[in-house]
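Accompanying notes for the structure given below.
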């Protein structure tokens, strides 16, 4: 069976970009999460970045090959638009004196934060002593938990007491904390503007400010967006049916200049490239009217769950890292390129020893 998850008229589409009266998007309600599975040896999980990553290039003729980053850089053409996420990572992993690890995910109110920590032995109302003489009270359990703090947290607090919340598969393999200064140089994008993410938009780690300047000199338009990576990054898909996974929302913003760049490219038959799943989610959320228009652009919470059956409206080329099995990010790639093609290309990449996940190699996907 197919479940209709989206139906609207013109009001949910940017009028200059989408000339359609009614659009339907269908999701296979019977799709099992286990269908998004593949095997890989642990030694392929990258523990640190390299200067010259390999690229899995998957074209729209169901063929794939290895390419270089230089080939990717040269493939963007004048008039194309490249969407980049300018969110920066907060060192949001804080340890108490007792060794309790707390991830500060998101600020809801001046004194209230969404957090993640092993709270089984903590009752609602329990008080927790944080570094810097800060006190916190547990006011909500579940996923996420919520803490009410004795005073507001500033960036300086995280700079002093926080650490980067690296993915568990990196922390586990290392078995110890890594040099903070080195890690921040590795894990922070070269062009971040506003800190707000718990995890890096890792596809951006392959490129630099100099690359952006070179593209602009060539005539490629850069479309900036902001999406602060949140809770969904840390929560695995546990439901048997993919459609039953509760997708957590993330705040995002797309300025008017980016919308104008997209319109320009679409009118002239160019391509819109998205660097990463976060850039993709932001643009496709805007295209479906999920963001509120304001004086400077469109902003708001998006809980858009992109999985097989989703109809993309904007993105023509997706560049992203390799993603873990049975994850929402792998579901997005399968939606973009097709499940069978994606998993077959992943299998080929594993056989050819591509490096996986946050510090791993890049993949590029084209669609018709």
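Numbering (the working numbering), first residue to last: 702 to 1069.
Just so you know, even glycine gets a beta-carbon here, dropped at the ideal spot from N, CA and C.
Please read these numbers as outputs of a predicted model, since none were measured by experiment.
Give a yes or no on whether the C-beta atoms belonging to residue 787 and residue 972 are separated by under 7 Å.
-> Here the question's residue 787 lines up with position 86 in the chain shown. Here the question's residue 972 lines up with position 271 in the chain shown. Going by C-beta atoms, residue 787 is not nearer than 7 Å to residue 972.
Classification of residue 895 by the beta-carbon crowding that lies within 10 angstroms, buried from 16 upward | Position 194 of the chain shown holds residue 895. Under this definition residue 895 is an exposed residue.
Measuring CB to CB, does residue 998 end up less than 7 Å from residue 893?
-> The residue you call residue 998 lines up with position 297 of the chain shown. The residue you call residue 893 lines up with position 192 of the chain shown. Contact: no.
Closest by C-alpha distance to residue 1040, when choosing among 1008, 817 and 919 = Stepping through the chain shown from its first residue, residue 1040 is reached at position 339. Ranking the options by Cα distance to residue 1040, first place goes to 1008.
Proximity to residue 953 [Cα-Cα], best of 763, 994 and 1060 = Taking the chain shown and counting its residues from 1, one reaches residue 953 at position 252. Measuring from the Cα of residue 953, the nearest candidate turns out to be 994.
Nearest-angstrom Cα separation, counted from residue 940 out to residue 1052 = The count along the chain shown starts at 1 and reaches residue 1052 at position 351. The count along the chain shown starts at 1 and reaches residue 940 at position 239. Going by the C-alpha atoms only, they are around 29 Å apart.
Helix, strand or coil for residue 913 per DSSP?
-> Here the question's residue 913 lines up with position 212 in the chain shown. In this structure, residue 913 counts as helix in the three-state DSSP scheme.
Going by the CB atoms, is the gap between residue 838 and residue 813 shorter than 7 Å?
-> Taking the first residue of the chain shown as 1, we reach residue 813 at position 112. Taking the first residue of the chain shown as 1, we reach residue 838 at position 137. No, these two residues do not count as a Cβ contact at 7 Å.
Label residue 777 either buried or exposed according to how many other C-beta atoms from any shown protein chain fall within 10 Å of its C-beta, with 16 as the threshold for buried.
-> For the purposes of this step, residue 777 is taken as the residue at position 76 of the chain shown. Answer is buried; the Cβ neighbour count reaches 16.
Could you give the distance in angstroms between the alpha-carbon of residue 712 and the alpha-carbon of residue 828?
-> One-based indexing of the chain shown puts residue 712 at position 11. One-based indexing of the chain shown puts residue 828 at position 127. Confidence in residue 712 is poor, its pLDDT being 40 and thus under 50, which makes the residue's placement unreliable; the coordinate value appears in the next sentence. Cα to Cα, residue 712 sits roughly 48 Å from residue 828.
If residue 664 and residue 913 are in contact, beta carbons under 8 Å, what's the gap, nearest whole angstrom?
-> Any answer about residue 664 is impossible in this case: the structure gives the chain only from 702 up to 1069.
Which residue's Cα is closest to the Cα of residue 771: 792, 921 and 754?
-> Residue numbering aside, residue 771 sits at position 70 when the chain shown is read from its first letter. Closest by alpha carbon: 754.
Buried or exposed (CB count within 10 angstroms, at least 16 for buried), residue 991 | Numbered from 1 along the chain shown, position 290 holds the residue referred to as residue 991. Classification of residue 991: buried, given that the 10 Å Cβ count is 16 or more.
Residue range of the alpha helix (DSSP H) that residue 1030 falls in?
-> Looking up residue 1030 in the chain shown gives position 329. Start and end: 1029–1038.
Beta-bridge pairing of residue 836 - partner residues as DSSP gives them | Your numbering for residue 836 matches position 135 in the chain shown. Answer is 830.
Let me know the secondary structure DSSP gives residue 1053 once reduced to three states.
-> To locate residue 1053, count along the chain shown from 1; it is residue 352. Residue 1053 falls in the coil class under three-state DSSP.
Which two residues bound the contiguous alpha helix (DSSP H) that contains residue 882?
-> As a working mapping, residue 882 is identified with position 181 in the chain shown. Unbroken alpha helix (DSSP H) run through residue 882: 881–888.
Between residue 836 and residue 864, what straight-line distance do the alpha-carbon atoms span, to the nearest angstrom?
-> Here residue 836 refers to the residue found at position 135 of the chain shown. Here residue 864 refers to the residue found at position 163 of the chain shown. Looking at the two C-alpha atoms, the distance is approximately 19 Å.
Compare the C-alpha of residue 821 against each of 1029, 841 and 764 and name the closest.
-> For this step, residue 821 is matched to residue 120 along the chain shown. Answer by Cα proximity: 841.
Contacts around residue 1036, its chain only, beta-carbon distance under 6 Å, and the 5 residues preceding and following it disregarded = Locating residue 1036 in the chain shown gives position 335, where the first residue counts as 1. Excluding residues within five positions, the ones whose Cβ falls inside 6 Å are 1007, 1008, 1009 and 1011.
Cβ atoms of residue 791 and residue 859: under 7 Å apart, would you say?
-> Counting from 1 along the chain shown, the entry for residue 859 is found at position 158. Counting from 1 along the chain shown, the entry for residue 791 is found at position 90. For residue 859 and residue 791, yes; Cβs fall inside 7 Å.
For residue 1060, which residues of its own chain have a beta-carbon under 6 Å away from its beta-carbon, when the five flanking residues on both sides are left out?
-> The sequence position of residue 1060 within the chain shown is 359, counting from 1. Excluding residues within five positions, the ones whose Cβ falls inside 6 Å are 747, 749 and 750.
For the candidate residues 977, 1028, 744 and 1016, whose alpha-carbon lies nearest to that of residue 937?
-> Taking the first residue of the chain shown as position 1, residue 937 is located at position 236. The option with the nearest alpha carbon to residue 937 is 1028.
Where residue 919 and residue 831 are concerned, what is the direct C-alpha to C-alpha distance, given to the nearest angstrom?
-> Along the chain shown, one-based indexing puts residue 919 at 218. Along the chain shown, one-based indexing puts residue 831 at 130. Cα to Cα, residue 919 sits roughly 50 Å from residue 831.
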